[in-house]
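Novice:
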Amino acid sequence: MSKSIILTRKVQIVIDSKDDTFLKETYATLYHWQRMCCKAANYIFTHCYLQEQVKEFFYLTENVHVKLTDIRKDENGILTTSRTNSTYQVLSRHFKGTMPMSILSCLNNSLVSLYRKERLDYFKGLRSLRNYKRDIPIPVAASDIRHFRQLQAHGNFGFVLFGIPFRTYLGSDFHDKRLLLEKLVAKDIKLCTSNIQLSKGKIYLLVAFEQQPEHHSLLPDIIAEASLSLEIPIVVKVQKSRYYIGNKEEFLHRRLAIQAAIERTKKGAAFNRSGKGRKRKLKSIEKYKDAEINYINQRLHVYSRRLIDLCIKHQAATLLLTNDKEAQEEQKGDGFLLRNWSYSNLKEKIGYKAKKAGIAVIEE
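Each residue of the sequence shown is one higher than the one before, starting from 1 at the first, in the UniProt record's numbering.
#1: So, at 7 Å on beta carbons, what are the nonlocal neighbours of L60 in its own chain, with the 5 sequence-adjacent residues on each side left out?
#2: By Cβ distance, which residues of its chain are closer than 6 Å to T26, with the 5 residues on each side in sequence left out?
#3: Between W33, G277, T265, which has its C-alpha nearest K287's C-alpha?
#4: Hey, could you find the ends of the beta strand (DSSP E) V207 is sitting in?
#5: Round the Cβ separation of E363 and L307 to the nearest angstrom and send it over; I've been treating them as touching at under 8 Å.
#6: Should Y31 be labelled buried (16 or more other beta-carbon atoms within 10 Å of its own) or exposed?
#7: By the DSSP assignment, the beta strand (DSSP E) with Y243 in it spans what residues?
#8: Where does the unbroken beta strand (DSSP E) through I308 begin, and where does it stop?
#9: Return the chain-ordered list of same chain residues with a C-beta closer than 6 Å to the C-beta of R299, the five sequence neighbours on each side being excluded.
#10: DSSP beta-bridge partners for K237?
#11: Between the alpha carbons of L310 and A269, how many angstroms are there, rounded?
#12: Should the segment 103 to 118 be called in touch with the segment 83 to 92, which here means at least 3 C-beta pairs below 8 Å?
#13: Closest by CA to T8, which one among Q34, Q211, Y122?
#14: Counting only runs that start and end within the segment 101 to 157, where is the beta strand (DSSP E) found for 3 or more residues in a row?
#15: Are the CB atoms of L198 and F166 nearer to each other than 9 Å?
#16: Since V14 sits in a beta bridge, which residues does DSSP pair it with?
#17: Between which residues of its own chain and Y132 is the CB-CB distance below 6 Å, once the five residues before and five after are set aside?
#18: Tell me, to the nearest whole angstrom, how far the beta carbon of residue 397 is from that of S102; I am working on the premise that it is less than 8 Å.
#19: Check this for me: beta carbons of H314 and I189, under 9 Å apart or not?
#20: Using the DSSP secondary-structure output, state which residues sit across from M99 in a beta bridge.
#21: Kindly indicate the opening and closing residues of the beta strand (DSSP E) around V361.
#22: How many Å lie between G201 and V207 at the Cα?
#23: My assumption, with CB atoms under 8 Å, is that I13 sits in contact with Y244. Please give the rounded CB distance.
#24: Tell me the DSSP bridge mates of N323?
#25: Would the beta-carbon of P233 fall within 9 Å of that of Y295?
#26: Using beta-carbon positions only, say whether I196 and P137 come within less than 9 Å of one another.
#27: Do you know offhand how far L338's Cα is from L252's?
#28: Would you say L282 touches the ligand HEM, meaning its beta carbon is less than 8 Å from a heavy atom?
#29: Out of S17, D121, D20, G358, state which residue places its alpha-carbon closest to the alpha-carbon of Y49.
#30: Can you list, in chain order, the stretches of the alpha helix (DSSP H) that have 4 or more residues and sit fully within the segment 173 to 197?
#31: Whole angstroms are fine: how far does the CA of F157 sit from the CA of L181?
#32: Can you check whether the CB of G358 is closer than 9 Å to the CB of A316?
#33: Quick check: the Cα distance between L256 and V361, rounded to an integer number of angstroms?
#34: For my contact list, R119 and E52 are in at a C-beta cut-off of 8 Å; report their separation, rounded to the angstrom.
So, in structure tokens, the structure goes:
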């Protein structure tokens, strides 16, 4: 059986109640849980790092063997439980009774595994220890999302989370969110650990699905070769066909247009009506925030989608990525180009879409 993949979709949800008092209390509860998750996340990473440094505390003593394992499993162990459970006990001591422990359990499992992946970089000095802020998402186990159903009246979906009724707000959904949620109701796909995100007074569910890769009639002997360059983002060779995806000029033209719009707005901001301080003065500039980054991110999504569609069209089971190394070295020294292009971001999107379609990716 092919390996399953995890899909994550950002879905806006609202509290399914018209009681103002209940709404106010629920929002206060969610923000309280978010603050507790922030503290708990920093506790986890701090304790994981301190456990790694325990050996340094014995530098004055000879012949002391220290292992971060359960003493019942290893005579040199110094822990009374497993490493994962040790951080969970710390969280239980500080936060038990203030929030559901299943949230802390999900947070502990994910962050401990993340620390183990990055621990070597910490000690080599390649990465600093993670520090979490108050906008951290709230992890939610799949078993905590109950009574997931489709609401016929609104065309949305409803569920209960820790006794709080929620419903989705999909609006004009042009993506696959509604289709995935319908499959979830029909139990065609599996729900995984998701996250609740609070942003600017709105609530979002970062819902994670587990599903099998898409089935396409791909032929193992057909290989698509895609070269990444600056002049033409992607050049695809499949059998006797050659395709060009994107061009350099559209990045340059659109970015300059966005920058010119920002400069015009900044000059006009001096004449904006005041009365609410700096925020009111610069309100017109806010809509251009991250406009350039969002545009490039959108184009990379389009390019990667076109590439995978071409592979499916020609039944190519393998995608070979070749890089223009000279162009990449030139890019590193040119800040102007660096603002417009990111090979790693493009490769990440290509890899994700290829895995979803069941296409093997090989990098040269």
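By construction, the Cβ of each residue, glycine as well, lies at the ideal position given by its N, Cα and C atoms.
Specialist: Let me spell this out:
#1: As a first step, residue 60 must be located in the sequence shown, where it is residue number 60. At L60, the pLDDT of 47 sits below 50, so the modelled position is not reliable and the matter cannot be decided from this model.
#2: Counting from 1 along the sequence shown, the entry for residue 26 is found at position 26. So the qualifying residues of the chain are I15, I164.
#3: Your numbering for residue 287 matches position 287 in the sequence shown. The shortest Cα separation from K287 among W33, G277, T265 belongs to T265.
#4: Against the sequence shown, residue 207 aligns to sequence position 207. Element bounds for V207: 202 to 211.
#5: On the sequence shown, position 363 is the one that residue 363 refers to. On the sequence shown, position 307 is the one that residue 307 refers to. In fact, because the Cβ distance is near 14 Å, the residues do not count as touching under 8 Å.
#6: Translated into the one-based positions of the sequence shown, residue 31 becomes position 31. Exposed.
#7: Looking up residue 243 in the sequence shown gives position 243. That run of the beta strand (DSSP E) goes 241 to 245.
#8: Counted from its first residue, the sequence shown places residue 308 at position 308. No beta strand (DSSP E) contains I308, which is instead part of the alpha helix (DSSP H) from 291 to 313.
#9: For the purposes of this step, residue 299 is taken as residue 299 along the sequence shown, with counting starting at 1. Result list for R299: empty, nothing under 6 Å.
#10: Counting from 1 along the sequence shown, the entry for residue 237 is found at position 237. DSSP output for K237 lists E225, R242 as bridge partner(s).
#11: For the purposes of this step, residue 310 is taken as the residue at position 310 of the sequence shown. For the purposes of this step, residue 269 is taken as the residue at position 269 of the sequence shown. Whole-angstrom Cα-Cα distance: 46 Å.
#12: yes
#13: As a working mapping, residue 8 is identified with position 8 in the sequence shown. Of the candidates Q34, Q211, Y122, the one whose C-alpha sits nearest the C-alpha of T8 is Q211.
#14: 138 to 140, 145 to 151
#15: What you label residue 198 is simply residue 198 of the sequence shown in a count that begins at 1. What you label residue 166 is simply residue 166 of the sequence shown in a count that begins at 1. For L198 and F166, no; Cβs fall outside 9 Å.
#16: Taking the sequence shown and counting its residues from 1, the one referred to as residue 14 is at position 14. V14 pairs with R167.
#17: Locating residue 132 in the sequence shown gives position 132, counting from the first residue. So the qualifying residues of the chain are C38, A41, N42.
#18: There is simply no residue 397 to check, as the chain begins at 1 and stops at 364 in what is shown.
#19: Position 314 of the sequence shown, counted from the start, is the residue given in the question as residue 314. Position 189 of the sequence shown, counted from the start, is the residue given in the question as residue 189. Against a cut-off of 9 Å, the Cβ pair of I189 and H314 comes out as no contact.
#20: In the sequence shown, the residue the question calls residue 99 occupies position 99. M99 is bridged to K96.
#21: By 1-based counting over the sequence shown, the position of residue 361 is 361. 360 to 363 is the extent of the beta strand (DSSP E) around V361.
#22: Locating residue 201 in the sequence shown gives position 201, counting from the first residue. Locating residue 207 in the sequence shown gives position 207, counting from the first residue. Spanning the two alpha carbons is a distance of roughly 19 Å.
#23: As a first step, residue 13 is located in the sequence shown; it is residue number 13 there, counting from the start. As a first step, residue 244 is located in the sequence shown; it is residue number 244 there, counting from the start. Wrong, their Cβ atoms sit about 42 Å apart, outside the cutoff.
#24: The residue given as residue 323 occupies position 323 in the sequence shown. BP columns for N323 point to L228.
#25: To locate residue 233, count along the sequence shown from 1; it is residue 233. To locate residue 295, count along the sequence shown from 1; it is residue 295. Not a contact, by the Cβ cut-off of 9 Å.
#26: Your numbering for residue 196 matches position 196 in the sequence shown. Your numbering for residue 137 matches position 137 in the sequence shown. Result yes, Cβ atoms of I196 and P137 sit closer than 9 Å.
#27: Translated into positions along the sequence shown, residue 338 becomes position 338. Translated into positions along the sequence shown, residue 252 becomes position 252. Model confidence at L338 stands at a pLDDT of 48, short of 50, so the residue's coordinates are unreliable; what they give is reported in the following sentence. When rounded, the distance between both Cα atoms is 12 Å.
#28: The ligand HEM is absent from the structure shown, which contains no ligand whatsoever.
#29: In the sequence shown, the residue the question calls residue 49 occupies position 49. Minimum Cα distance to Y49 is reached at D121.
#30: 177 to 185
#31: Numbered from its first residue, the sequence shown carries residue 181 at position 181. Numbered from its first residue, the sequence shown carries residue 157 at position 157. Taking the straight line joining both Cα atoms gives about 8 Å.
#32: Position 316 of the sequence shown, counted from the start, is the residue given in the question as residue 316. Position 358 of the sequence shown, counted from the start, is the residue given in the question as residue 358. No, the pair does not count as a contact, with Cβ atoms beyond the cut-off.
#33: Position 256 of the sequence shown, counted from the start, is the residue given in the question as residue 256. Position 361 of the sequence shown, counted from the start, is the residue given in the question as residue 361. C-alpha separation (whole angstroms): 34 Å.
#34: As a position in the sequence shown, residue 119 is number 119, starting the count at 1. As a position in the sequence shown, residue 52 is number 52, starting the count at 1. Yes, R119 and E52 are in contact; Cβ-Cβ is about 7 Å, under 8 Å.
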